[in-house]
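Visitor: First, the structure itself, so that you have it in front of you.
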Amino acid sequence: MSIHDTIDAEVKGNDVVLFMKGSPDMPMCGFSGQVVQVLDYLGVPYKGINVLESDEVRQGIKDYSNWPTIPQLYIKGEFIGGCDIVREMFQAGELQALLKDKGVAMREPA
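Spelled out as structure tokens, the structure:
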């Protein structure tokens, strides 16, 4: 299986997947950490994939999305963007609306 096929299987096999530096429990860069904070705040179940564990995955995800930076967030197979885009969408309420439209479970706001 090629790296493209492996990445494609992860993107299509998980409702929400975050390609990041580090893990959700221990982000290894501030940008990855910010996206983790947003997803955790919303109570969204997601899979974190540490690109630092494999140069092949690290380069492969950039080629897959044609996007040069990490982290990269995918929802229901759709590339959403990196840290700045996710943060802006969250602050505008657009990320929550997208998750709801796609049928992804979130924690109810307190």
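So for the sequence shown, the numbering used here puts the first residue at 249; every next one is plus one.
Even glycine gets a Cβ: it sits at the ideal position worked out from N, Cα and C.
Remember, it's a predicted structure, so these values are computed and weren't measured experimentally.
Are the CB atoms of residue 269 and residue 299 nearer to each other than 8 Å?
Guide: Result yes, Cβ atoms of residue 269 and residue 299 sit closer than 8 Å.
Visitor: Does the Cβ-Cβ distance between residue 337 and residue 290 come in under 8 Å?
Guide: It is not a contact, given that the beta carbons lie outside the stated cut-off.
Visitor: Comparing C-alpha positions only, which one of 263, 328, 351 sits nearest to residue 283?
Guide: When only C-alpha atoms are compared, the closest one is 328.
Visitor: Considering only the alpha carbon of each residue, which of 326, 330, 343, 324 lies closest to residue 316?
Guide: Comparing Cα-Cα distances from residue 316 to each of 326, 330, 343, 324, the minimum goes to 330.
Visitor: Please state whether the Cβ-Cβ distance between residue 265 and residue 312 is less than 8 Å.
Guide: No.
Visitor: Apart from the five residues on each side of it in sequence, which residues of its chain come closer than 6 Å, Cβ to Cβ, to residue 343?
Guide: Result list for residue 343: 337, in chain order.
Visitor: Would residue 309 and residue 255 be called neighbours here (beta carbons separated by less than 8 Å)?
Guide: Against a cut-off of 8 Å, the Cβ pair of residue 255 and residue 309 comes out as a contact.
Visitor: I'd like the ranges of any alpha helix (DSSP H) spanning at least 4 consecutive residues and lying wholly in the segment 305–358.
Guide: Those alpha helix (DSSP H) runs which fall completely within the segment 305–358 and span 4+ residues are 331–340, 342–349.
Visitor: Quick one: using the 10 Å Cβ neighbour count with 16 as the cut-off for buried, is residue 250 buried or exposed?
Guide: Residue 250 is exposed by the Cβ-count criterion.
Visitor: List the whole-angstrom C-beta distance separating residue 319 from residue 280, where the pair is believed to meet the contact cut-off of C-beta under 8 Å.
Guide: Rounded, the Cβ-Cβ distance is 5 Å, consistent with contact.
Visitor: For residue 346, I'd like the list of residues in its chain whose CB is within less than 8 Å of its CB, leaving aside the five on either flank, ordered along the chain.
Guide: Result list for residue 346: 323, 328, 337, in chain order.
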